[in-house]
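Everything on this sheet refers to the single structure shown next.
There are 2 protein chains.
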Amino acid sequence: MEDGTAERIRPRDRILETARDMFHKHGIKGVGVDAITEAAGTNKMTLYRHFESKDDLVIECLRATACSANAMWQKFEAEHPGDKLAQLHAWVRMAADCLMVDGRGCDMANAAIELSETDHPARRVIKELKQAQRDRLVGLCRDAGIGQAELLADTLSLLLEGARVSLQSVGAEGPSAQFVRMAEGLIASFRGAAAR
Amino acid sequence: MEDGTAERIRPRDRILETARDMFHKHGIKGVGVDAITEAAGTNKMTLYRHFESKDDLVIECLRATACSANAMWQKFEAEHPGDKLAQLHAWVRMAADCLMVDGRGCDMANAAIELSETDHPARRVIKELKQAQRDRLVGLCRDAGIGQAELLADTLSLLLEGARVSLQSVGAEGPSAQFVRMAEGLIASFRGAAAR
DNA sequence: TCTAGAAGTTACAGACCGGTAACACCCTAG
DNA sequence: CTAGGGTGTTACCGGTCTGTAACTTCTAGA
Chain A
1 MEDGTAERIR
11 PRDRILETAR
21 DMFHKHGIKG
31 VGVDAITEAA
41 GTNKMTLYRH
51 FESKDDLVIE
61 CLRATACSAN
71 AMWQKFEAEH
81 PGDKLAQLHA
91 WVRMAADCLM
101 VDGRGCDMAN
111 AAIELSETDH
121 PARRVIKELK
131 QAQRDRLVGL
141 CRDAGIGQAE
151 LLADTLSLLL
161 EGARVSLQSV
171 GAEGPSAQFV
181 RMAEGLIASF
191 RGAAAR
Chain B
1 MEDGTAERIR
11 PRDRILETAR
21 DMFHKHGIKG
31 VGVDAITEAA
41 GTNKMTLYRH
51 FESKDDLVIE
61 CLRATACSAN
71 AMWQKFEAEH
81 PGDKLAQLHA
91 WVRMAADCLM
101 VDGRGCDMAN
111 AAIELSETDH
121 PARRVIKELK
131 QAQRDRLVGL
141 CRDAGIGQAE
151 LLADTLSLLL
161 EGARVSLQSV
171 GAEGPSAQFV
181 RMAEGLIASF
191 RGAAAR
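Shown next, in the form of structure tokens:
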């Protein structure tokens with residue numbers, strides 16, 4: 001009984017995973033709950049037994065995305081324990097890989113753009129989770145011994161955010177192609193300013 | 001007859017202007033043609049007499065946006081004739097003002113995110129117009145006598161793009177607040193590198 | 001003043017949306 | 001074996017969406 005059934009994931013998790021994937025690819029308003037449940041091999045009723053509404057599902061997807069991001073940060077620490085500068089370079093490499101493979105932007109940012117209503121419940125969550133990621137990057141820069149850690153972290157944040165959206169509007173041959181060079185140049189520049 | 005009727009703009013232009021405003025505020029999928037025509041003080045039939053489809057209207061709106069951007073560039077040249085460096089600083093100031101006053105991102109980028117279908121007719125137009133703006137900024141940097149003009153222009157592009165989306169996700173107190181300092185620092189740094 | 005074309009009005013088609021109700025089913029824990 | 005909770009199925013509600021048809025009204029120009 002432990003075999004075979006182990007293959008079968010709980011419907012709630014299937015829905016969540018499928019929804020994340022479809023929201024990411026087609027946008028939130030671009031995919032309906034029917035399409036999600038069908039792709040997840042279940043039905044609408046089961047979705048609404050596990051999630052209060054589509055908005056609720058969206059929020060849960062965003063939380064799952066933040067959770068994945070957390071795992072990424074833990075991987076940096078595991079691969080370069082204690083070496084904060086190496087972790088920063090790993091962050092740049094991860095960001096670049098993300099640009100190469102994905103083609104579509106950050107789920108949080110995309111959601112923020114799509115859900116333009118200022119009082120939309122997801123906006124609170126997005127702001128909160130984005131703020132947490134920012135704090136994390138600032139902390140990493142500071143621990144790497146960089147002066148003006150906030151400014152570097154914010155600049156890198158904007159560069160990545162811009163690269164992800166530019167990738168969608170201008171394309172892969174656009175400004176985003178230079179992301180790594182920009183990021184590494186900035187880090188070197190900020191490190192040099194501290195040494196001087 | 002020239003008075004009074006002069007106030008009344010042609011329905012097509014009213015629709016176009018209203019659509020631009022509403023698409024900008026609520027997104028493309030967030031506003032229907034009925035809402036646009038009502039806000040423009042006309043009706044759906046008139047819209048479909050002037051535009052083949054909603055997609056066609058969207059494309060026309062994007063072209064109008066690009067046209068406004070062109071006017072901005074001409075203003076730079078008019079205010080600082082021949083002084084390309086001053087024009088570059090004016091670009092930074094304009095971008096910052098845009099961040100302050102607007103709160104919502106670039107129409108082209110927003111549209112690219114929202115219209116995720118890779119074969120959507122608007123995507124061609126977006127790519128084309130964004131590419132033109134990029135070329136323009138590269139040209140300005142080069143004419144300002146900056147070495148690695150492409151790299152500076154692309155970095156500034158990504159910074160602005162990132163600031164506009166960050167403004168929507170993290171908020172005004174987020175990384176986008178430092179945009180001017182970042183941009184001016186970059187310009188100074190690239191100018192310094194050329195002088196050295 | 002007459003006329004042609006532009007614009008307004010109403011109604012509708014067909015599809016999709018989020019969300020719910022009622023009921024049948026299956027599988028597992030006891 | 002049985003009871004019950006999780007799941008699947010079907011049908012439906014009210015609303016909104018893009019787009020069209022047929023008809024009336026307005027208005028500018030000759």
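Top line first, the protein sequences correspond to chains A and B. Sequential numbering of the first sequence, starting at 1, is according to the working numbering. Sequential numbering of the second sequence, starting at 1, is according to the working numbering. No residue lacks a Cβ here, since even glycine has one placed at the ideal position from N, Cα and C.
| query | Considering only the beta carbon of each residue, do residue 166(A) and residue 175(A) sit closer than 8 Å? | reply | Taking the first residue of the first sequence as 1, we reach residue 166(A) at position 166. Taking the first residue of the first sequence as 1, we reach residue 175(A) at position 175. The Cβ-Cβ distance between residue 166(A) and residue 175(A) falls below 8 Å.
| Boundaries (first-last residue) of the alpha helix (DSSP H) holding residue 70(B) | On the second sequence, residue 70(B) is found 70 positions in, with the first residue counted as 1. 54-79 is the span of the alpha helix (DSSP H), which, as asked, contains residue 70(B).
| query | Near residue 182(B), which residues of its chain fall below 8 Å by C-beta distance, leaving aside the five closest residues on each side in sequence? | reply | The residue you call residue 182(B) lines up with position 182 of the second sequence. For residue 182(B), where only same-chain residues beyond five positions count, the Cβ hits under 8 Å are 159.
| Are the beta-carbon atoms belonging to residue 72(B) and residue 45(B) less than 8 Å from one another? | As a first step, residue 72(B) is located in the second sequence; it is residue number 72 there, counting from the start. As a first step, residue 45(B) is located in the second sequence; it is residue number 45 there, counting from the start. Contact: no.
| request: Have a look at residue 28(A) and residue 55(A) and give me their C-alpha separation to the nearest angstrom. | output: The residue you call residue 28(A) lines up with position 28 of the first sequence. The residue you call residue 55(A) lines up with position 55 of the first sequence. For residue 28(A) and residue 55(A), the gap between their C-alpha atoms comes out near 9 Å.
| request: Say whether the stretch 63-71 of chain B touches the stretch 69-84 of chain A, bearing in mind that this needs 3 or more beta-carbon pairs closer than 8 Å, one atom from each stretch. | output: Verdict: no, contact absent.
| field | Beta-carbon proximity list for residue 40(A), same chain, < 6 Å, skipping 5 on both sides | value | Counting from one through the first sequence, the residue named residue 40(A) turns up at place 40. For residue 40(A), where only same-chain residues beyond five positions count, the Cβ hits under 6 Å are 14, 15 and 18.
| query | Would a C-beta distance cut-off of 8 Å place residue 9(B) and residue 22(B) closer than the cut-off? | reply | In the second sequence, residue 9(B) corresponds to position 9, counting from 1. In the second sequence, residue 22(B) corresponds to position 22, counting from 1. Residue 9(B) is not a Cβ neighbour of residue 22(B), given a cutoff of 8 Å.
| So, does the CB of residue 151(B) fall closer than 8 Å to a CB anywhere in chain A? | As a working note, residue 151(B) is residue 151 in the second sequence. Yes, its Cβ sits closer than 8 Å to a Cβ of chain A.
| request: For the alpha helix (DSSP H) holding residue 46(B), just list the boundary residues, first then last. | output: Position 46 of the second sequence, counting from 1, holds the residue named residue 46(B). 44-50 is the span of the alpha helix (DSSP H), which, as asked, contains residue 46(B).
| message | Give me the residue from 129(B), 138(B), 107(B) and 143(B) with the minimum Cα distance to residue 25(B). | response | Your numbering for residue 25(B) matches position 25 in the second sequence. Between residue 25(B) and the set 129(B), 138(B), 107(B) and 143(B), the nearest pair of CA atoms involves 107(B).
| request: Go to residue 24(B), then tell me how far its alpha helix (DSSP H) extends in each direction, as first and last residue. | output: Looking up residue 24(B) in the second sequence gives position 24. 11-26 is the extent of the alpha helix (DSSP H) around residue 24(B).
| request: With residue 89(A) as the anchor, note down where its alpha helix (DSSP H) starts and where it stops. | output: Within the first sequence, numbered from 1, the residue matching residue 89(A) stands at position 89. First-last of the alpha helix (DSSP H) with residue 89(A): 84-102.
| Beta-carbon proximity list for residue 155(B), same chain, < 8 Å, skipping 5 on both sides | Taking the first residue of the second sequence as position 1, residue 155(B) is located at position 155. These residues qualify, in order along the chain: 186.
| field | Minimum C-alpha distance to residue 145(A) - residue among 83(A), 60(A) and 31(A) | value | Numbered from its first residue, the first sequence carries residue 145(A) at position 145. Comparing Cα-Cα distances from residue 145(A) to each of 83(A), 60(A) and 31(A), the minimum goes to 83(A).
| field | Span of the alpha helix (DSSP H) around residue 29(B) | value | Here the question's residue 29(B) lines up with position 29 in the second sequence. No alpha helix (DSSP H) holds residue 29(B); DSSP gives it neither H nor E.
| By DSSP, does residue 106(B) sit in helix, in strand, or in coil? | To locate residue 106(B), count along the second sequence from 1; it is residue 106. DSSP places residue 106(B) in coil when its eight states are reduced to three.
| query | If you drop the 5 nearest sequence neighbours on each side, which residues of the same chain put their C-beta closer than 8 Å to that of residue 137(A)? | reply | For the purposes of this step, residue 137(A) is identified with residue 137 of the first sequence, where counting begins at 1. Cβ within range, chain order: 91, 153, 156 and 157.
| query | Under 8 Å between C-beta atoms, does residue 33(B) make it to chain A? | reply | Along the second sequence, read from residue 1 onward, the residue named residue 33(B) stands at position 33. It does not: the Cβ of residue 33(B) has no partner Cβ on chain A nearer than 8 Å.
| In chain order, what residues of the same chain lie with their CB nearer than 6 Å to the CB of residue 5(B), ignoring the 5 residues before and after it? | Counting from one through the second sequence, the residue named residue 5(B) turns up at place 5. Note that residue 5(B) has pLDDT 31, beneath the 50 cutoff, so the model's placement of it is unreliable and the number below is only indicative. Nothing listed; no residue qualifies.
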